[in-house]
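Working notes for the structure below.
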Amino acid sequence: MADKISVLYSEEEVNARIRELGEQISRDYEGKTVHLIGILKGATFFICELAKRITVPVTLDFMSVSSYGDATESSGIVKINKDLDEPLDDRNVIVVEDIVDTGNTLSYLLDNIQKRGSKSVKLCALLDKPERRIKDVKVDYTGFVIPDAFVVGYGLDYAQKYRNLPYIGIVEVDG
Ligand code: IMP
Ligand code: MG
261 MADKISVLYS EEEVNARIRE LGEQISRDYE GKTVHLIGIL KGATFFICEL AKRITVPVTL
321 DFMSVSSYGD ATESSGIVKI NKDLDEPLDD RNVIVVEDIV DTGNTLSYLL DNIQKRGSKS
381 VKLCALLDKP ERRIKDVKVD YTGFVIPDAF VVGYGLDYAQ KYRNLPYIGI VEVDG
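Per my numbering, residue 261 is the first one in the sequence shown, and the count goes up by one each step.
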């Protein structure tokens, strides 16, 4: 049987919020170039929409990480599957992630990226689930703060499915 998915934020609401984030980042980085680092695969839909709404020059790079754990819970042990293509010297980095949940992944990643000699490192997450936090992670730009529920769509998956939904929905897993 199919999983039941109820809409939490419609495509229009998500895009409107990303537009605002783009405007805010453009103001904050006036006169500078922003280096966006997207975390694959979840952040891909978000980073595309966000980058289009930023009016200062933008460069892009991507990292792919996996966190050991089951489908819905990360463990804190993070493996880099694909590293950045370019060094970070003197760049104004914004790490773009789909969601900060326990904070395990981002706490490791930010620490790793901060050691690479960029000018600054900030974090932009489409979604933040603060109730679930285990590791302290400061989100500089947040799309939406959401309650403790498992969400899919707009890049977020459940067992690799539903990333392509154009909205963010809460999934009630069957069985
Ligand atoms: P954290 O390390 O617990 O903060 O989890 C980060 C990763 O877990 C995210 O990048 C997502 O891939 C995944 N994740 C956490 N919560 C959700 C959710 O509600 N839906 C889909 N993926 C999630
Ligand atoms: Mg992810």
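Backbone N, C-alpha and C define an ideal beta-carbon position, used for all residues, glycine too.
Start and end residues, alpha helix (DSSP H) containing residue i
i      : result
Val274 : 271-288
Phe305 : 304-312
Thr365 : 364-374
Nearest-angstrom beta carbon gap, residue j and residue i [assumed within contact, 8 Å]
i      : j      : result
Ser255 : Gly429 : The question about residue 255 has no answer here: the residues shown for the chain are numbered 261 through 435.
Met323 : Leu310 : Wrong, their Cβ atoms sit about 16 Å apart, outside the cutoff.
Gly298 : Leu320 : 7 Å
Leu425 : Tyr418 : Not a contact, Cβ separation roughly 10 Å.
Opposing strand residues paired with residue i [DSSP bridges]
i      : result
Gly429 : Val267, Val412
Thr319 : His295
Glu346 : Glu346 pairs with nothing; no bridge assigned.
Glu357 : Ala385
Asn352 : Val294, Ser380
Lys421 : Tyr418
Val325 : Ile340
Buried or exposed (CB count within 10 angstroms, at least 16 for buried), residue i
i      : result
Lys389 : buried
Val433 : exposed
Ala303 : buried
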